[in-house]
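All remarks here apply to the structure that follows.
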């Protein structure tokens with residue numbers, strides 16, 4: 001076991017503290033400014049108030065943006081759960097020509113810069129589909145988010161399938177179970193946690209996506225990130241943005257915590 005000297009431990013501890021401060025102090029300032037009574041945020045905060053919380057929760061644009069984000073994230077997650085799981089099974093259970101290429105193509109959207117994906121989809125929607133009478137509209141935004149959410153489900157399910165014991169499924173078939181019964185009673189329970197963890201991560205990724213959304217959102221449709229970006233240009237509404245951002249910080253903890261918990265449970269079960 002590697003043993004560090006006391007000065008080395010202190011030095012590494014200071015580095016960790018500096019990194020954590022760099023990451024989380026700005027988030028803490030957002031939370032504090034959400035209670036800033038001033039119309040235009042000032043620092044240090046002279047007076048605290050909850051008035052901006054009341055404004056945010058009664059704002060119609062905020063409610064519409066949240067509704068759009070939830071709807072798009074649910075749609076993208078549904079696409080990711082179905083396609084990500086199917087691709088994971090195909091690549092893990094079958095050997096076929098072009099298998100490595102398919103694996104690369106599934107992972108590629110999450111590695112590409114968002115602006116590249118956004119421009120590509122925008123060109124496809126506007127220059128290819130619309131001239132032949134296909135107007136994707138809201139569905140196009142959901143599909144756009146689904147393209148990079150698939151990899152979240154795929155990675156989780158594929159990793160879990162690689163750790164599963166195929167002998168259990170073979171025993172189920174030998175005992176007379178149909179393929180559907182084997183999947184429902186034996187296979188799915190074994191990767192269910194990874195399936196749910198991937199879905200939660202896909203939802204979180206879609207909910208706060210902004211770059212692809214800029215290029216693919218229909219006119220007049222705002223998601224929460226788009227609303228925040230547009231509202232930040234109006235300084236007198238900055239504290240309302242801080243309120244919404246604070247709520248998002250708190251809500252983001254839920255899928256991340258649940259995903260980690262599910263992944264840990266999956267690892268323990270294997």
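Numbering (the UniProt record's numbering), first residue to last: 1 to 270. In this text, a Cβ means the ideal position worked out from N, Cα and C, and glycines have one as well. From a predicted model like this one, the values you see are computed outputs, not experimental measurements.
Measuring CA to CA, which of the options is closest to residue i?
i, options, result
"residue 271", "232, 257, 197, 187", "Because the chain is modelled from 1 through 270, residue 271 falls outside the range shown and cannot be assessed."
"residue 142", "228, 8, 216, 225", "216"
"residue 62", "229, 254, 182, 256", "229"
"residue 236", "96, 17, 33", "33"
"residue 60", "248, 251, 224", "224"
"residue 82", "152, 16, 160, 25", "152"
"residue 79", "64, 31, 154", "154"
"residue 196", "211, 25, 165, 160", "160"
"residue 64", "226, 253, 14", "226"
"residue 105", "172, 91, 69", "91"
"residue 112", "166, 211, 43, 24", "211"
"residue 86", "183, 254, 251, 213", "183"
"residue 50", "39, 44, 43", "39"
"residue 164", "21, 250, 189, 177", "189"
"residue 41", "102, 238, 110", "238"
"residue 245", "56, 10, 44, 43", "56"
"residue 30", "133, 20, 43", "43"
Kindly list the residues whose CB is nearer than 7 Å to the CB of residue i, restricted to its own chain and excluding five residues on each side of it in sequence; keep chain order.
i, result
"residue 258", "200"
"residue 137", "218"
"residue 157", "84, 85, 88, 191, 194, 195, 198"
"residue 252", "204"
"residue 107", "151"
Let's test the definition: count the other Cβ atoms within 10 Å of the Cβ of residue i and tell me whether it reaches 16, buried, or not, exposed.
i, result
"residue 12", "exposed"
"residue 52", "buried"
"residue 118", "buried"
"residue 170", "exposed"
"residue 358", "Residue coverage of the chain in this structure runs from 1 to 270, which leaves residue 358 outside it and unanswerable."
"residue 205", "buried"
"residue 260", "exposed"
"residue 128", "exposed"
"residue 121", "buried"
"residue 8", "exposed"
"residue 278", "Outside the shown range of the chain (1 to 270) lies residue 278, about which nothing can therefore be said."
"residue 5", "exposed"
"residue 162", "exposed"
"residue 178", "exposed"
"residue 123", "exposed"
"residue 54", "exposed"
Go through its chain and collect everything with a Cβ distance to residue i's Cβ below 6 Å, but skip five positions before and after it.
i, result
"residue 208", "225"
"residue 282", "Because the chain spans 1 through 270 in this model, residue 282 falls outside it and cannot be assessed."
"residue 100", "none"
"residue 26", "none"
"residue 172", "182, 186"
Report all residues from its chain with a CB closer than 8 Å to the CB of residue i; omit the five preceding and five following residues, and keep chain order.
i, result
"residue 125", "136, 140, 216"
"residue 255", "200, 201, 203, 204"
"residue 67", "none"
"residue 10", "none"
"residue 221", "68, 138, 141"
"residue 109", "117, 147, 148, 150, 151"
"residue 241", "228, 231, 232"
Return yes when at least one heavy atom of the ligand ADP lies under 7 Å from the C-beta of residue i, else no.
i, result
"residue 184", "As far as ligands go, the structure on display features none, and thus does not contain the ligand ADP."
At least three beta-carbon pairs within less than 8 Å, the segment 71-83 to the segment 143-151: yes
What ranges does the beta strand (DSSP E) occupy inside the segment 126-210, keeping only unbroken runs of at least 3 residues that lie completely in it? With a minimum length of 3 residues, no continuous beta strand (DSSP E) run stays inside the segment 126-210.
Complete runs of the alpha helix (DSSP H) confined to the segment 39-106 [at least 4 residues]: 51-57, 60-93
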